[in-house]
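Following: one structure in structure tokens, then a few remarks.
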Amino acid sequence: YELFGQQRFMAQIDFGGVPLNKIEKNIELIATEILPAVRKHTAK
53 YELFGQQRFM
63 AQIDFGGVPL
73 NKIEKNIELI
83 ATEILPAVRK
93 HTAK
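Counting from 53, one number per residue, gives the positions in the sequence shown under our numbering.
Listed below in structure tokens is the structure:
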């Protein structure tokens, strides 16, 4: 955030015929692992 000033992140994770179960797992990992780590390191 400090470098670019962005407040949002968008990602297309359903490209190339990825099976729905893998897409759901990726969304779950983003929500449970990645976002908490990002929030921890970017908290003011």
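Note that CB positions come from ideal geometry on N, CA and C, so glycine has one too.
Can you tell me where the alpha helix (DSSP H) holding residue 87 begins and where it ends?
Within the sequence shown, residue 87 is the residue found at index 35, counting from 1. Residues 87 to 94.
Only counting the same chain, and skipping five residues up and downstream in sequence, which positions put a Cβ closer than 7 Å to that of residue 66?
Position 14 of the sequence shown, counted from the start, is the residue given in the question as residue 66. Result list for residue 66: 75, in chain order.
Enclosing alpha helix (DSSP H) for residue 76 [first to last residue]:
Locating residue 76 in the sequence shown gives position 24, counting from the first residue. That run of the alpha helix (DSSP H) goes 72 to 81.
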